[in-house]
Amino acid sequence: MSGISALLQTLARPEILALEPYSHAAWQPDRVRLHANEAPWRPAGDTSAAGLNLYPEPIAHELGRRLAALYEVDPAQLLVTRGSDEAIDLLSRIFLRAGRDAVLQTPPTFGMYKVAARIQGAQVIDAPLLREQDWRLDPARLLAAWVPEARLVYLCSPNNPTGNRLDDAALLQVCEALAGKAIVAMDEAYIEWSGAASFTRFLAHHPHLVILRTLSKAHALAGARCGALIAHPDIISLAARVIPPYAISQGTIESVLRALEPAALSGSRERLASLLGERRRLAEGLAALPEVGKVWPSDANFLMIDCHDPALLLRRAAAGGFILRDLTRQASLARSLRVSVGSPEHNRSLLRSLATP
Ligand SMILES: *Cc1c(COP(=O)(O)O)cnc(C)c1O
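Residue numbers (our numbering): 823 to 1179.
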């Protein structure tokens, strides 16, 4: 047995390994489709190229190839998903046996890892980041918390909501220590702002490594719901069996393909760079407010702040028409809020609102 098939025999749910996938209507775009019970007319207001009356491609291959080129991986290593949220859901369903398995995560972190695990009936084990050390990942602490039931380990870098990049050497140490033992899922939702190189460069040596990418943040496509699961081709074929057919809508396929045109991509790179300047100005403005105790360093498009009275700042923000993310219910974040870096105008106006008693 090859390394990956031994790994999947050990870690994937037997039901998924044995699953007979849904047999969808054949995809032959050159023929007239009288095999899928679609309507023969376009709906009102349909401006799509293909026609919204027709099912989209069962697996979005062209979009997959374009995303593979964007992320510099082989198309067989990538599955297009409805945002990273769906990739997280797929991982839970493939690898976690209800009532037996667990995920290991590093709070404070993205809430969907826990929710998806709970939906699947799995436990959640926490190995917190070190607040006193700027939310550093301690590989020894994480590995000590690992148990064989923890089949999925989530690492988020830059981390949401703390905003910091995790150290590559620490991430790699975790990845190497868990080879053959767990799936290590690296969530790179904010990597475009960090200047870090993607962990896709380690995929060839680590078949248990999975990378999550999204178009929701740096590509300004949150409304399109599009992301990518990047992994060994054998993991991708398992995920392709579990994802519903026609998961990616025609509207999403067409709008994401437009956003991946070279001119569009260079435009979004420029905006990315200008947002970094805006992040610095916003951080300085927030740090100057007497109610703000600390602005945490950020490698992402948001800032986490610690406040003397978070409720007061939330009220001032609301009075100016702004919503900030209240993090105060999380154990180590009792005084923290998260602020997305907005347009220059909105950032200035937010700072004025926060300074207005
Ligand atoms: C926003 C975010 C995502 C992206 O989710 P989508 O479903 O792709 O919109 C993934 N991971 C983290 C940590 C995020 O903050």
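Every residue, glycine too, gets a C-beta built ideally from N, C-alpha and C.
All values derive from a computational prediction rather than experimental measurement.
Under the criterion of a Cβ to heavy atom distance below 8 Å, does residue i qualify as lining ligand 1?
i, result
"cysteine 997", "no"
"serine 765", "Any answer about residue 765 is impossible in this case: the structure gives the chain only from 823 up to 1179."
"threonine 779", "With the chain represented from 823 up to 1179, any question about residue 779 goes unanswered, as that position is not in the structure."
"tyrosine 893", "no"
"phenylalanine 932", "yes"
"arginine 963", "no"
"alanine 1001", "no"
"serine 906", "yes"
"leucine 1034", "yes"
"arginine 987", "no"
"asparagine 859", "no"
"serine 1120", "no"
"lysine 1039", "yes"
"aspartate 1148", "no"
"alanine 1011", "yes"
"glycine 1049", "yes"
"asparagine 875", "no"
"alanine 1044", "yes"
Pop quiz: residue i and residue j are said to be a contact at Cβ under 8 Å. What is the actual Cβ separation, rounded to whole angstroms?
i, j, result
"serine 1120", "alanine 1040", "The pair is not a contact, with the Cβ atoms about 14 Å apart (cut-off 8 Å)."
"leucine 1034", "glutamate 1014", "In fact, because the Cβ distance is near 13 Å, the residues do not count as touching under 8 Å."
"valine 1078", "leucine 830", "Rounded, the Cβ-Cβ distance is 29 Å, inconsistent with contact."
"isoleucine 838", "valine 1032", "Not really, about 15 Å apart at Cβ, beyond 8 Å."
"alanine 1061", "leucine 1051", "6 Å"
"alanine 920", "valine 969", "Contact doesn't hold; Cβ gap of about 17 Å is too wide."
"leucine 974", "alanine 1004", "7 Å"
"cysteine 978", "threonine 931", "5 Å"
Pull the bridge partners of residue i from the DSSP assignment, please.
i, result
"cysteine 978", "Asp1009"
"valine 1181", "A question about residue 1181 goes unanswered here, because the residues of the chain that appear run from 823 up to 1179."
"arginine 1147", "Arg1160"
"valine 854", "DSSP lists no partner for valine 854."
"glutamine 927", "Asp948"
"alanine 972", "Ala924"
"arginine 987", "Beta-bridge pairing links arginine 987 to no other residue."
"threonine 903", "Gly1049"
"arginine 958", "Leu952"
Unbroken stretches of the beta strand (DSSP E), 3 residues or longer, contained in the stretch 998-1085: 1005-1009, 1031-1036, 1049-1052
Whole runs of the beta strand (DSSP E) within the stretch 1082-1110, excluding any shorter than 3 residues: For the stretch 1082-1110, not one full-length beta strand (DSSP E) segment reaches 3 residues or more.
4-residue-minimum alpha helix (DSSP H) runs that sit fully inside the stretch 828-901, ordered along the chain: For the stretch 828-901, whole alpha helix (DSSP H) runs of length 4 or above, ordered along the chain, are 836-839, 883-892.
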